[in-house]
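Read through the structure below, which is laid out as structure tokens, and then see the notes.
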Amino acid sequence: MDEVKNQVMGDTRLNKRLSNILSSLSSDPKNSIPCANKTWAETFGAYRFIENDKVNFDSIMSGHKSATLERIKAQPVVLIPQDTTFLNFATDLESKEMGTLRRKETNQQLLHTSIAITPSRVNLGVVEGSMWQRDKESSANSRYTKSIKDKESRRWLDHYETACQIQERCPESTIVSIADREGDIHEWFQLAEDQSEQRRASYIVRAKANRTLELDGEETVLLWDHMNEQKSIGQYTVDIPKRNGEPGRKAKVSVSTTEIRLLGKGKSKRPLSLYAVLAKELTPPECSLMR
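Mapping of the sequence shown onto the working numbering: position 71 corresponds to residue 93, and the numbering continues sequentially without gaps.
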């Protein structure tokens with residue numbers, strides 16, 4: 023398998039065992055290890071593999087990341103969306119008629135991944151992954167006083183850093199890191215500005231905050247108001263998939279764009295120049311405005 027060709031396990035036997043495990047689980051990833059393996063020897067070998075100190079998240083992913091990088095090099099443009107998944111196995115257990123589980127006793131894990139895809143939606147592979155568990159809920163005040171390096175949201179910057187590393191190693195490709203509203207972080211934009219031109223990956227982040235912008239002189243304006251005043255550069259029809267019981271539909275959107283300058287606030291945040299794009303649906307159904 024190409025995905026384990028350049029595996030970094032420190033032991034060729036572990037590389038071979040991983041290849042066997044992937045082959046046995048690939049037909050049905052939800053299967054248990056005993057069900058996926060044909061013999062007790064294979065099952066026992068899989069459990070011994072998992073218990074080995076050399077085996078961890080990074081070592082398992084190393085071969086796949088290497089193979090993914092080679093696929094990226096062959097593409098002119100690569101999109102790298104990143105997002106967080108909550109892994110809660112209690113729901114799956116309940117669906118199998120195992121009764122009700124106490125939520126407070128469930129060890130919920132978080133998995134943040136960056137996946138490389140082409141503009142035509144061909145999946146090239148996972149380029150980065152982070153897993154962790156939350157110790158306990160922190161107060162809103164403590165989240166505001168913490169430095170970005172001590173926050174859980176640091177993951178968005180770390181995965182953008184991975185995109186920059188890929189851009190540096192794949193100079194013939196255009197790498198674009200993509201995030202939803204949770205990635206709207208001033209420090210991310212600062213990090214991008216600090217990169218050299220050869221290393222800087224492009225990025226698209228869906229806006230969450232109605233940020234204050236600097237205009238000429240000392241005048242300021244809010245982001246939403248400023249973008250609504252911009253002229254349209256074109257109209258496009260996009261497919262909206264069905265979700266939450268609503269059928270899929272086609273939406274006609276108007277697109278406008280302009281260069282903006284974000285106001286710097288606090289000692290750690292400086293003014294930044296970047297481009298904002300507004301895609302606004304022209305005739306949305308009631309309560310279904312897309313922006």
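The C-beta atom is built at its ideal place from N, Cα and C for all residues, glycine as well.
With distances taken between CA atoms, Gln130 lies nearest to Phe108 out of Val148, Phe108, Ile137. The alpha helix (DSSP H) runs lying completely inside the stretch 162 to 196 and spanning 4 residues or more are 162 to 167, 176 to 191, given in chain order.
Measuring C-alpha to C-alpha distances from Ser175 to each of Ala185, Trp154, Asn232 identifies Trp154 as the nearest.
Leaving aside the five residues that flank Val299 on each side, the residues in its chain whose CB is nearer than 6 Å to its CB run, in chain order, Thr279. Setting aside the 5 residues that flank it on each side, Asp157 has no residue in the same chain whose C-beta is closer than 6 Å to its C-beta.
The DSSP-derived three-state label of Arg265 is strand. Where Thr65 is concerned, the enclosing alpha helix (DSSP H) starts and stops at 62 to 73. Between Ile102 and Phe71, the gap from beta carbon to beta carbon reaches 8 Å or more. In the DSSP assignment, the residues bridged to Trp154 are Leu132. In the three-state DSSP reduction, Asn37 falls in the helix class (H, G or I).
Residue range 271 to 284 is occupied by the beta strand (DSSP E) that includes Ser276.
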